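Contents: one structure, followed by commentary.
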Amino acid sequence: MTGRGRVWGLMLISLAVCPVWTLAQDTPTRTWRTVDELSAQEQARLDLRTDTPRDAQVPYLPAEKFPFAAPYSAEEMGIRSMEYPHSPYWNSTLIDIATTLTGSGFMDQRVSIIPILYLPQGGFAEHLYTAKPGKEVFRWLSQAVSPAERYGTQTLFIGYRTDQSFPTKVELFAYSPSMRRIRRQPAPRREDRLPNGAATFDDLIGRDAWEFEWRILGVDTLYETVRFPVTRQTAVLTDTEGNYIDVHAADVKLMGPDYPLYTEDGGVPCYVLESLPKKDWHANYYMSKLIYWVDQQSFFPLRIEEYDRDGRLAFINARTGVRANPKLGDRGYAVLFDLWWDIPIDLLQASIHGILNREWSDADRQVFFSPGFMRREWFLEPPKGMMSLNSPDEFYLRPPLERDKFPQQRTIQLGSDMEARIAAQEREGRIVFESSLLAAHEPRALKE
């Protein structure tokens, strides 16, 4: 195999992109089932209890030790899903190609290089059982590459192990090249949105499963999460050396070509979990509940829905996965595509990830991941700017609402304007901003 062939081979092993945009009727009519509809064999893999034995040392964790074994409780699946936040829980460099799109069609694109230091030497099990509340578990150094006006802007994220005695999840240090100053930022609230983004800090950093009550709703098979528009059927991705390449959306799959549990027609079997904030942990959490679709092998979240305090669907996180760290086996998945949709304000944010695994030396850890390093303005990977979209109508489609699934647990109430936007999108195969096309798809009663 040639050098170029090796690069492409590695890319195809590690990529996962949604299929080409298709109408909803192209997927099977009913893909979901409640717990009561599962076979005895399927139910045998599940522990449906909500009150399970507790760990003697950490009572808010189950007695069975991570990574657990079947039958799985909803809580155990929730803890497994914690391993897959926006940025990987292992030493690596993340190349993040990010785009935000407002409901009026304004588009903001940016590229960041993010060296990641994951501190638990024993991996996620150490994170759970050994790291004491208040102990650092990761450092992320986000270095802006493009656009030009952001070049050299940096933020150091310091993440902590939390519990009720130490609820602070992250501290931030920011550096501006124009001022050549490093400023310590106030700890963000969990519901605070990222600058120029749709996601909150809880969406970005990830939620700790022990702060929520979990329940299994049933199973479902997903065929699409992030959907490409008809105006763009390629994605700009990174190879194992950090080089940018174009890959056609139809060439790769939802969780990569080596995922073993695909159905015959290309779907990913998922468990569907309901997650409610614990009142003694969150007196007034900004969302009333979340619903997760996690794959049945690794418990990787492919879709996360968030419901506002009135119980209505308000936010969707659609994802695709990639087995980026084979050393971790079926736990070596990471986020390749992340798409966030804040429904009430129709704000969309997307990220494409390149993941370069790294081994940081002791000197690297001490120098690169300290606030003072940012003043040097050294990039730990060659800075390569990249604008992946030429216009707003090349942005990904809003995630499908899947209205028919689990209707007793999912309240979806949208305004007439949003319904018209979604109808136009599904008809045109792209996000629509033209008022003439939106009006053409309004229900007759609304026009009158």
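The opening position of the sequence shown corresponds to residue 0 in numbering that gives the first Met the number 0, with each subsequent residue numbered one higher.
For each residue, glycine too, the CB sits at the ideal point set by N, CA and C.
The structure presented is a predicted model; accordingly, all values stated were derived computationally and were not measured.
Which listed residue (the options) has its alpha carbon closest to that of residue i
{"i": "residue 350", "options": "198, 426, 342", "result": "198"}
{"i": "residue 67", "options": "79, 407, 138", "result": "79"}
{"i": "residue 271", "options": "244, 301, 189", "result": "301"}
{"i": "residue 448", "options": "58, 98, 77, 141", "result": "No answer is possible for residue 448: it lies beyond the span of the chain, which begins at 0 and ends at 447."}
{"i": "residue 111", "options": "253, 298, 96", "result": "96"}
{"i": "residue 326", "options": "356, 45, 159", "result": "356"}
{"i": "residue 429", "options": "232, 414, 298, 134", "result": "232"}
{"i": "residue 371", "options": "222, 181, 194", "result": "181"}
{"i": "residue 169", "options": "201, 179, 157, 162", "result": "157"}
{"i": "residue 293", "options": "221, 146, 29, 423", "result": "221"}
{"i": "residue 379", "options": "363, 254, 84", "result": "363"}
{"i": "residue 332", "options": "353, 312, 348, 342", "result": "353"}
{"i": "residue 58", "options": "113, 106, 135, 162", "result": "162"}
{"i": "residue 259", "options": "200, 224, 249, 322", "result": "322"}
{"i": "residue 248", "options": "227, 238, 261, 239", "result": "227"}
Residues near residue i by beta carbon distance below 7 Å, same chain, minus five either side
{"i": "residue 277", "result": "210, 211, 212"}
{"i": "residue 70", "result": "43, 44, 45, 46"}
{"i": "residue 230", "result": "392, 393, 429"}
{"i": "residue 235", "result": "96, 243, 245, 351, 385, 387"}
{"i": "residue 191", "result": "199, 200"}
Contacts around residue i, its chain only, beta-carbon distance under 6 Å, and the 5 residues preceding and following it disregarded
{"i": "residue 432", "result": "104"}
{"i": "residue 127", "result": "65"}
{"i": "residue 151", "result": "176, 376"}
{"i": "residue 342", "result": "313"}
{"i": "residue 187", "result": "200"}
Test: residue i CB closer than 8 Å to a CB of chain C
{"i": "residue 277", "result": "Although the question refers to chain C, the structure presented lacks it and comprises just one protein chain."}
Own chain partners of residue i with C-beta closer than 8 Å, once the 5 adjacent residues on each side are dropped
{"i": "residue 5", "result": "Bear in mind that the predicted position of residue 5 carries a pLDDT of just 31, short of 50, making it unreliable; the figure below should be weighed with that in mind. Result list for residue 5: empty, nothing under 8 Å."}
{"i": "residue 34", "result": "42, 45, 47, 215, 216, 217"}
{"i": "residue 138", "result": "115, 116, 118, 155, 156, 157, 158, 368"}
{"i": "residue 129", "result": "119, 121"}
{"i": "residue 309", "result": "287"}
Cβ separation of residue i and residue j, assumed to be a contact under 8 Å, to the nearest whole Å
{"i": "residue 102", "j": "residue 345", "result": "3 Å"}
{"i": "residue 175", "j": "residue 132", "result": "Incorrect: roughly 32 Å between the Cβ atoms, too far for contact."}
{"i": "residue 77", "j": "residue 274", "result": "6 Å"}
{"i": "residue 208", "j": "residue 81", "result": "5 Å"}
{"i": "residue 225", "j": "residue 382", "result": "So it is not a contact: roughly 26 Å between Cβ atoms."}
{"i": "residue 84", "j": "residue 72", "result": "Going by Cβ atoms, the distance from residue 84 to residue 72 rounds to 21 Å, so no, they are not a contact pair."}
{"i": "residue 99", "j": "residue 347", "result": "7 Å"}
{"i": "residue 203", "j": "residue 184", "result": "Not quite, the Cβ-Cβ distance comes to about 14 Å (not below 8 Å), so this is no contact."}
{"i": "residue 160", "j": "residue 134", "result": "5 Å"}
Checklist entry - Any chance the segment 121-135 sits against the segment 78-93, with 3 or more Cβ pairs inside 8 Å? => result By the Cβ criterion, the segment 121-135 is in contact with the segment 78-93, since at least three pairs of Cβ atoms, one from each stretch, lie closer than 8 Å.
Checklist entry - Using 8 Å as the threshold, is the segment 277-289 in touch with the segment 261-268, meaning 3 or more CB pairs across them? => result With the cut-off at 8 Å, the segment 277-289 and the segment 261-268 do not touch.
Next on the checklist: So within the segment 315-388, which uninterrupted alpha helix (DSSP H) runs reach at least 4 residues, ignoring any that extend past its ends?
Outcome noted: Secondary structure within the segment 315-388: the alpha helix (DSSP H) runs of 4 or more consecutive residues, fully enclosed, are 361-367 (chain order).
Item to check | the segment 336-343 contacting the segment 392-402, beta-carbon criterion three pairs below 8 Å | outcome: Below 8 Å, enough C-beta pairs join the segment 336-343 and the segment 392-402 to call them touching: three or more.
Checklist entry - Can you list, in chain order, the stretches of the alpha helix (DSSP H) that have 4 or more residues and sit fully within the segment 28-91? => result Within the segment 28-91, the complete alpha helix (DSSP H) segments at least 4 residues long are 39-43, 73-80, listed from N- to C-terminus.
Item to check | Contact between the segment 299-317 and the segment 52-64 (3+ Cβ pairs under 8 Å) | outcome: The answer is no - the segment 52-64 does not touch the segment 299-317, with fewer than three Cβ pairs under 8 Å.
Item to check | In chain order, each beta strand (DSSP E) run of at least 3 residues that lies wholly inside the segment 90-118 | outcome: As far as the segment 90-118 is concerned, its whole beta strand (DSSP E) runs of at least 3 residues are 91-100, 106-117.
Checklist entry - Should the segment 417-430 be regarded as contacting the segment 306-323, the criterion being three or more beta carbon pairs within less than 8 Å? => result Result no; under three Cβ-Cβ pairs closer than 8 Å.
Checklist entry - Taking the runs of the alpha helix (DSSP H) that are 4 residues or longer, which of them lie wholly in the segment 151-224? => result If only complete runs of 4 or more residues are kept, the segment 151-224 shows the alpha helix (DSSP H) at 200-204, in order along the chain.
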